[in-house]
Amino acid sequence: MQKSTTALLSILLASSMLAGCSGNNDNGGTDSGASPAASGGSSASGDTNAVEELSFEVMIPKFGVDPADTLVQEQWEKEMETYLGVKLNIKWNRIQWGDEYFEKAKVMAASGEIPDVMLSLEGLSGINDNGEEGLYADLTPYLEQYPYYKEFVNGTPNSDTYLFSSNKKIYAYFDGYDNPTELTPSQYSSSYRLDVFEQNGIKIPETLDEMYDAAKKLKELYPDTYPIGSSGKYMAYAGFYNSLHTSDDIYWNGEKYVFGPTEMSFKEALEFMHKLYAEKLMDPDYFTDEIDQARPKATTGKTFIYPLSWSGFATEFNDNEQANVKWTNALIPSSKYGDAWLYSSEPAGKGLGNGSGIVISAKAKHPELLAKMLDYQYSGKMMTLMNWGVEGTTYEEKDGVKQYTSNILNADNLYDELCKYGVGTTGSCRAGIVWTPQDRVAKYTDPGSVTSFYHDGKETEESYWTANGTYGKGRVAPNDQAPRINFTSDENEQISNTMTPVRTYVQESVIKFIKGEMDLSDWDKFQAQLKKMGDYESVVSLYQSKL
């Protein structure tokens with residue numbers, strides 16, 4: 004494992020160091036800690052030096068493991084007290100991520116009674132609406148006053164419309180990322196039962212036709228199986244759509260917004276899946292299986308191919324010593340349209356997503372200090388703390404390259420060990436006030452992402468992030484690089500009212516087409532019914548009008 008991780012670190016080093024020479028003084032480990040106020044700056048709401056203790060309430064999600072009392076959480080509070088020059092008295096309210104947090108945040112925002120700081124999941128339009136109605140503090144004055152968040156704002160394409168309200172105000176510290184590499188990778192791949200393929204001399208598919216041929220051969224060899232399965236409903240069809248350069252919704256095709264289900268390539272995807280189903284190459288439960296149902300099939304010789312899967316599942320299957328199987332990941336197979344698109348690629352550079360963000364109550368005392376604190380989470384020093392932990396304890400750095408310490412790498416369970424310290428890379432134990440910005444290098448060099456990957460006729464052990472990013476260079480889906488556009492609350496309501504019945508009809512029809520309950524010769528009838536379900540063309544035009 005260490006050998007693979009070290010090689011990966013070397014691959015990423017060059018691009019990371021180039022980013023470090025770009026003129027950004029925030030180098031991740033050497034922030035002076037001097038605040039703008041200490042350097043002669045002034046606050047938007049008075050003299051921050053007059054405050055000795057900052058008391059406030061925070062509501063954020065937890066992700067399985069409570070970070071309270073972990074080393075990283077304790078260090079976070081110490082760093083913040085030093086940077087702000089005040090003692091912190093924080094009432095933490097950490098609620099389990101999922102429906103419990105979603106409902107609690109929704110109810111609180113609707114009631115108008117919120118804590119001083121909370122993670123809002125309302126999306127840009129909802130956050131802007133509540134900001135303009137006076138529920139959330141206006142953070143715009145602090146962009147110039149405090150330096151770190153501004154870098155992420157400036158690095159976000161179309162930030163003036165993507166992050167700000169119509170009156171040019173910003174009301175949230177949005178979810179940030181820093182990817183100093185040239186990779187735009189994905190964590191999703193096609194997955195294959197490598198040992199079975201090799202035992203029977205079957206090629207790991209590079210095209211859809213080769214996937215079909217492989218499935219046919221496997222069905223002949225193992226007639227009681229269904230070679231092609233699904234490991235999750237949300238991505239069951241996406242691998243086929245990406246192979247054929249289409250989508251089941253409105254998407255950016257590189258030139259304009261289009262509605263995928265009207266495209267011939269969408270029909271071709273359904274034709275291909277119908278062929279698999281009709282010839283019993285596709286699991287009858289393909290439409291409903293989640294990973295809990297897929298796992299036993301993957302480890303008992305019932306499934307041999309996942310057209311699209313989270314790449315980490317291959318490692319999980321392979322680690323099952325009782326099963327004694329060998330799965331591998333590979334790029335999504337291509338088609339007559341060319342190289343398949345990667346699924347859900349991550350962008351390079353620094354930037355922000357606008358789906359959720361940390362807000363400050365307009366009633367909070369000392370919003371200038373709260374803003375300064377949240378801004379500091381976007382500094383290199385704090386990002387290193389949140390994503391890597393404490394130097395000498397959880398990571399070490401040599402020649403500009405960070406790597407986990409031997410006590411972490413050699414632990415029986417690397418993620419459990421990181422959780423003990425509160426290192427956020429695990430995803431299940433996140434200290435600080437989430438969302439805290441992600442250091443993508445920490446994620447891409449995560450030893451847990453090292454798995455089997457098959458490319459160019461051979462298997463390697465490497466990070467699925469860098470494998471997809473390197474071998475899949477140039478395969479980013481156009482929609483993953485779509486122009487950053489936004490809609491008002493009224494427009495979002497219009498889109499929802501129009502598209503909900505359309506999308507429901509598409510989802511139901513996809514299953515019927517695949518099963519043969521709807522005949523693909525009735526494609527024109529399907530198109531006519533789509534128009535009756537809702538005026539999707541007006542919604543596509545609305546998308547276009549935002550360019």
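Quick note: the sequence shown, position 401, residue 404 per our numbering, numbers continuous.
For each residue, glycine too, the CB sits at the ideal point set by N, CA and C.
On a predicted model such as this, the values are computed, not experimentally measured, just so you know.
Query                                                                                                                           : Result
Minimum length 4: unbroken alpha helix (DSSP H) runs contained in the stretch 411-453                                           : 417-424, 443-447
Nearest candidate by alpha-carbon position, reference residue 220, set 333, 211, 205                                            : 205
Sequence-distant residues of its chain with Cβ nearer than 6 angstroms to residue 241 (five each side left out)                 : 311, 346
Spatial neighbours of residue 228 in its chain, beta-carbon cut-off 6 angstroms, leaving aside the 5 residues before and after  : 305
Contact test: residue 80 Cβ vs the ligand NAD heavy atom, cutoff 7 angstroms                                                    : In the structure on display, the ligand NAD does not appear, and there are no ligands present to speak of.
Same chain, Cβ closer than 8 angstroms to residue 556, neighbours up to 5 away in sequence not counted                          : Any question about residue 556 goes unanswered here, given that the chain covers just 4 to 550.
Where residue 325 sits in the DSSP three-state scheme                                                                           : coil
Span separating the alpha-carbon of residue 43 from that of residue 149                                                         : For residue 43, the predicted model reports a pLDDT of 34, less than 50, meaning its position is unreliable; a value from the coordinates is still stated below. Between residue 43 and residue 149, the C-alpha separation is close to 12 angstroms.
8 angstroms CB neighbourhood of residue 462 in its chain, flanking five on each side removed                                    : 197, 331, 455, 456
Top-ranked residue by Cα proximity to residue 535, from 516, 509, 523                                                           : 509
Inter-residue spacing [alpha-carbon to alpha-carbon] between residue 524 and residue 273                                        : 12 angstroms
Classification of residue 27 by the beta-carbon crowding that lies within 10 angstroms, buried from 16 upward                   : Note that residue 27 scores 40 on pLDDT, short of 50, meaning its location in the model is unreliable and no value can be drawn from it.
Best match in 99, 530, 78 for proximity to residue 91 [C-alpha to C-alpha]                                                      : 78
Among 356, 530, 389, the one whose alpha carbon lies nearest that of residue 177                                                : 356
Distance, residue 73 Cα to residue 175 Cα                                                                                       : 27 angstroms
Whole-angstrom distance between residue 487 and residue 260, CA atom to CA atom                                                 : 12 angstroms
Under 8 angstroms between C-beta atoms of residue 472 and residue 186                                                           : yes
Nearest-angstrom beta carbon gap, residue 302 and residue 323 [assumed within contact, 8 angstroms]                             : 5 angstroms
Three or more C-beta pairs below 8 angstroms linking the stretch 499-506 and the stretch 358-373                                : no
Residue 330: first and last residue of the uninterrupted beta strand (DSSP E) it sits in                                        : 330-333
Beta strand (DSSP E) segments (min. 3 residues) lying fully within the stretch 73-126                                           : 90-99, 120-123
Cβ neighbour criterion (16 or more within 10 Å) applied to residue 264                                                          : buried
Close-in-space but distant-in-sequence residues of the same chain around residue 427 (CB under 7 angstroms, 5 per side omitted) : 389, 390, 433, 434, 439
The stretch 242-257 contacting the stretch 469-483, beta-carbon criterion three pairs below 8 angstroms                         : yes
Best match in 141, 308, 133 for proximity to residue 200 [C-alpha to C-alpha]                                                   : 308
Contact belief for residue 189 with residue 317 at Cβ below 8 angstroms, rounded distance in angstroms                          : Actually they are not in contact, since the Cβ atoms of residue 189 and residue 317 sit about 14 angstroms apart, beyond 8 angstroms.
Residue 117 versus residue 111 - alpha carbon distance                                                                          : 6 angstroms
Nearest candidate by alpha-carbon position, reference residue 136, set 366, 144, 162                                            : 366
Beta-bridge partners of residue 54, as assigned by DSSP                                                                         : None; residue 54 has no bridge partner.
For residue 168 and residue 134, believed in contact at Cβ under 8 angstroms, the rounded distance                              : 6 angstroms
3 or more residues per run - each beta strand (DSSP E) lying fully within the stretch 253-299                                   : 253-255, 260-262
Nearest-angstrom beta carbon gap, residue 57 and residue 369 [assumed within contact, 8 angstroms]                              : 6 angstroms
Cutoff 7 angstroms; reference residue 161; Cβ partners in own chain excluding five residues on either side                      : 486, 487
Rounded straight-line distance, which links the Cα of residue 299 to that of residue 448                                        : 29 angstroms
CB contact flag (residue 155, residue 353, <8 angstroms)                                                                        : yes
Three-state class that DSSP yields for residue 68 in the structure shown                                                        : coil
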